[in-house]
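J.:
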Amino acid sequence: MKRSHYLVGALGIAALIAASSASVTIAQTPAPAAAVTFHKDVEPILQKNCQSCHRPGQIAPMSLLSYQAARPWARAMKTKVVAREMPPWFADPQHGKTYSTDRSLTQADIDTIATWVDAGAPEGDPKDAPPAVVWPKDGWSIQPDVVVRGPSFKVPARPPSNVIEWTTIIVPTGFTKDTWVTSVEIKPSDLQVTHHICISFQPHSEDILYYTPFWNDKTRDDEGVEIKPNPATASTGAPRINPVQQRERSPNGVGGAPAPGNAAVGGGFLCYLPGNQAFDYRPFGAGALIPAGYDISIAQHYTPSGKEAVDLPQIGFTVSNTPPKKRWVTTQAGGAGNGFAIPPNEPNYLAPPGELEFGANAELVMMMPHMHVRGRDMTYTVVHPDGRKEVALSVPKYDFNWQMQYVLSNPVKVAPGTKLHVEAHYNNSTTNKYNPNPNRWVYPGNMTWEEMMSPFFGVIVDTETDPTTVFRRGAVNNGGGE
Amino acid sequence: MTVLAVAVLCTAGLAAQGAGTQPRPGVPVEKPAIDPSQEIVAIGCLVKEGDNYELRNSAVLIRPWVAPGLKPDTVGTPAPSPSKTVFRLMHKEGLDAHVGHKVEIVGVIQPQTANVPPSPDTIVRPGTGPGTASAPAAAGAQGASGAQESAEQPRFVPRLNNPELDNKPLKMVSTSCP
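Chains E and L are the protein sequences, given in the same order. Going letter by letter, the first sequence gives residues 1 to 482 in the numbering used here. Going letter by letter, the second sequence gives residues 1 to 178 in the numbering used here.
1) Could you check which residue in Leu350(E), Thr463(E), Glu185(E) has the C-alpha nearest to that of Phe340(E)?
2) Give me the chain L residues within the contact set of Phe279(E), using Cβ-Cβ distance strictly less than 7 Å, ordered along the chain.
3) What are the partner residues of Arg159(L), as DSSP defines its beta bridges?
4) Tell me whether Asn115(L) counts as near the ligand SAH, meaning its Cβ is closer than 8 Å to at least one heavy atom of that ligand.
5) In the DSSP output, which residue or residues are listed as bridge partners for Arg88(L)?
6) Going along the chain, which residues of the stretch 323-342 of chain E sit with their C-beta nearer than 7 Å to a C-beta in chain L?
7) Specify, as a first and last residue, the run of the alpha helix (DSSP H) that Met77(E) falls within.
8) Within 9 Å (strictly less), CB to CB, does Thr175(L) reach chain E?
9) Quick one: does His204(E) have its CB under 9 Å from some CB of chain L?
10) Any beta carbon of chain E sitting closer than 9 Å to that of Glu96(L)?
11) Look at the alpha carbon of Arg55(E) and the alpha carbon of Ser104(E), and state the distance between them as a whole number of angstroms.
12) List the residues of chain E that Gln115(L) touches, going by C-beta distances under 7 Å, in chain order.
13) I need the boundaries of the beta strand (DSSP E) containing Ala424(E), first residue and last residue.
14) CB-CB under 7 Å to Val329(E), same chain, minus the five flanking residues each way: which ones, in chain order?
15) Any Cβ of chain E within less than 9 Å of the Cβ of Asn162(L)?
16) Going residue by residue through the stretch 70-135 of chain E, where are the continuous alpha helix (DSSP H) segments of at least 4 residues, counting only ones entirely within it?
17) Output the distance between the C-alpha atoms of Asn167(L) and Ile315(E), rounded to the nearest integer angstrom.
18) Closest Cβ-Cβ distance between Trp215(E) and chain L: below 9 Å?
19) With 16 as the cutoff for other CB atoms within 10 Å, does Leu89(L) come out buried or exposed?
20) Below 8 Å, can you find three or more Cβ-Cβ pairs linking the stretch 105-117 of chain E to the stretch 35-43 of chain E?
21) Please determine if the stretch 305-321 of chain E and the stretch 402-413 of chain E are in contact, where contact requires at least 3 C-beta pairs separated by less than 8 Å.
22) Please decide whether Leu55(L) counts as near chain E, where near means a Cβ-Cβ distance under 9 Å.
23) For Asp138(E), collect the residues of the same chain with a Cβ closer than 8 Å to its Cβ; drop the 5 residues on either side in sequence, then sort them by chain order.
24) Please list, in chain order, the chain E residues whose beta carbon lies closer than 8 Å to that of Pro118(L).
25) Does Glu464(E) come out as helix, strand or coil in the three-state DSSP assignment?
26) Counting only C-beta atoms, is Arg75(E) closer than 9 Å to chain L at any point?
27) Mind listing the chain L neighbours of Val310(E)? Cutoff is C-beta to C-beta under 9 Å, in chain order.
28) Tell me whether Ile170(E) sits in a helix, a strand or coil according to DSSP, three-state version.
29) CA-CA distance, Val181(E) and Ile142(E)?
30) Could you pull the start and end residues of the beta strand (DSSP E) that Pro369(E) belongs to?
31) Taking C-beta pairs closer than 8 Å, name the residues in chain L that Phe175(E) reaches, listed in chain order.
32) Please name the residue, chosen from Met378(E), Gly334(E), Thr179(E), Gly224(E), that lies closest to Ala288(E) on a Cα-to-Cα basis.
33) Given 8 Å as the limit, is there contact between the stretch 154-167 of chain E and the stretch 72-80 of chain L, that is, 3 or more CB pairs closer than that?
34) Under DSSP, the beta strand (DSSP E) around Glu357(E) begins and ends at which residues?
35) With DSSP as the reference, identify every bridge partner of Gln300(E), one or two as the case may be.
36) Whose C-alpha, out of Leu312(E), Gln107(E), Glu464(E), Pro291(E), is nearest the C-alpha of Arg327(E)?
Structure follows, in structure tokens:
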């Protein structure tokens, strides 16, 4: 239960796919002229909705780049798409929002794949194939202009209590002149052991220790849960407020999001998470400035796999020689702070809401909910100054295995005084199949069996806008962990 | 029987999934098109501690990978960035003659780990050394007092681990360290 659950999920899916594909009958006969074929009908769907993950170097367990690669998985493809388990997508469509990152299939697409499989999954004429998509090399999601090596990290096979504490390492950017970046991607080399890697950019200090891992050895119980300080209140099961834990979530703390004024540097606080790819500012004509000489603070969280591994992460950027028209800023609307405590066997715990107030005109473009395995749902609501409420994103069935960016097709414009209000529920009962222990109180913590509430989001503002004014200082409720 | 069948199927599935991404015997592995150098340049003061050598107060120079077709100075001309970094040096040959000198060393940083037993060198000392301004991420998280244990605060020990450098032959910069 202490393993990374996305891995469990991925392997489970792989096993299901393997099992179901084994029963596929191989079609050896050419398809009738009007029949549904791979090249004519299915390949365009795969290109648009599947291949971004289903190609070498990405998180999906098999490639769907060609007929030969896809054919053995035909039956499983039908099973997964008909059940709408693949491609993963969790936004509630009832609120009238559409998202450019929506990879879900239309019913017509699903019917096409099902018909193709039922017909024996014929290849068809290769001349019908659409032009192959030219994907970035080496498993990148972006085609980077510049790449900085992150710190390589040795992940032990079986550490005590199966815990590897979060580690922060600072490396130089190597950027010796101010640089506008237009996309950023954090690319681990070993996805099996990488729980997350988050980066932020900070001014250089001459007494910094580069490449030096910092971490906290915490006292943990037999289940790997951090032991909290106040046994008197703990014995009652009452919520425990932990001042040190709060400091850990303070701006620029361990793995913490940067202070609002620093949230624009390089785009703000950016993470590799399972299911999350690059932060791409280009569709919005936006960029983020990394000043000369800044350093990268890298918060790494690895989970052991039973086999020693070494991860060699890289950080890739696309750059622009000229300042873009818009500036990208990423931060989060509060988080799991004071009062966050999930009672045992509680199926629908409402966390203290996160809220943040805007201080400048901006456009809300991206949201990325982050919770751990007891996370149930999260809703982002924009509360305009006139009191009008607009749900920008509702994820009614959150899945820790798929933490993705929801990029609005039509950004929500916000004026100063607008608030972003975020609510999330947690399921600490036996009805949550990922719940490692429904019989204990659950508090904020770094490990997946502890909890977080991190409503990440991105906005764009005019480049001339002072980044320190985008969010009103002190307007952030709590301070979430990552 | 069922268990065996599922196991076989899973194995087959995993083998199939690997076919698309894993190198095959006899097939040359294509060098990644994007391959930033792992080497860094560290310029600092060479110190001997017992039988071990350290490079202290190291300025660090890295060279980001820049895509072909872009100007090499797209993100500027590489330059050392001053720091207090302490590198543990793996290779001792030729170092004795330069103890106390400012030297330049090229090398590859070995994979880091955060799972090392506590020792005086790996515990962030409150108010001194690397636990002050050099360790904002960790020390800031703990407050100013380092390890904590009280009725109101949890137990934890702030830690660090100096990086180890697979060092090549050095170049002397000066006979004194500032």
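Glycine is no exception: its CB is placed at the ideal position from the N, C-alpha and C atoms. For clarity, every value in this text was computed on a predicted model and none was experimentally measured.
T.: So, from the data block:
1) Leu350(E)
2) Residues of chain L passing the Cβ test: none, with the nearest at roughly 18 Å.
3) Trp215(E), Ile123(L)
4) The ligand SAH is not part of the structure shown, which contains no ligands of any sort.
5) Glu54(L), Glu164(L)
6) none
7) 74-82
8) no
9) yes
10) Before going on, a small fix: residue 96(L) reads as Asp here, not Glu. Not closer than 9 Å to any Cβ of chain E, the Cβ of Asp96(L) fails to qualify, so no.
11) 18 Å
12) The sequence as given places Asn at residue 115(L); Gln does not occur at that position. Correct list: Pro156, Pro159, Ile164.
13) 419-426
14) Ala263, Ala264, Gly268, Gly458, Val459, Val461, Pro467, Val470
15) yes
16) 74-82, 107-118
17) 24 Å
18) yes
19) buried
20) yes
21) no
22) no
23) Gly57
24) Asp217
25) coil
26) no
27) Pro111
28) strand
29) 12 Å
30) 362-371
31) Pro64, Val75, Gly76
32) Thr179(E)
33) no
34) 354-357
35) Thr167(E), Ile197(E)
36) Glu464(E)
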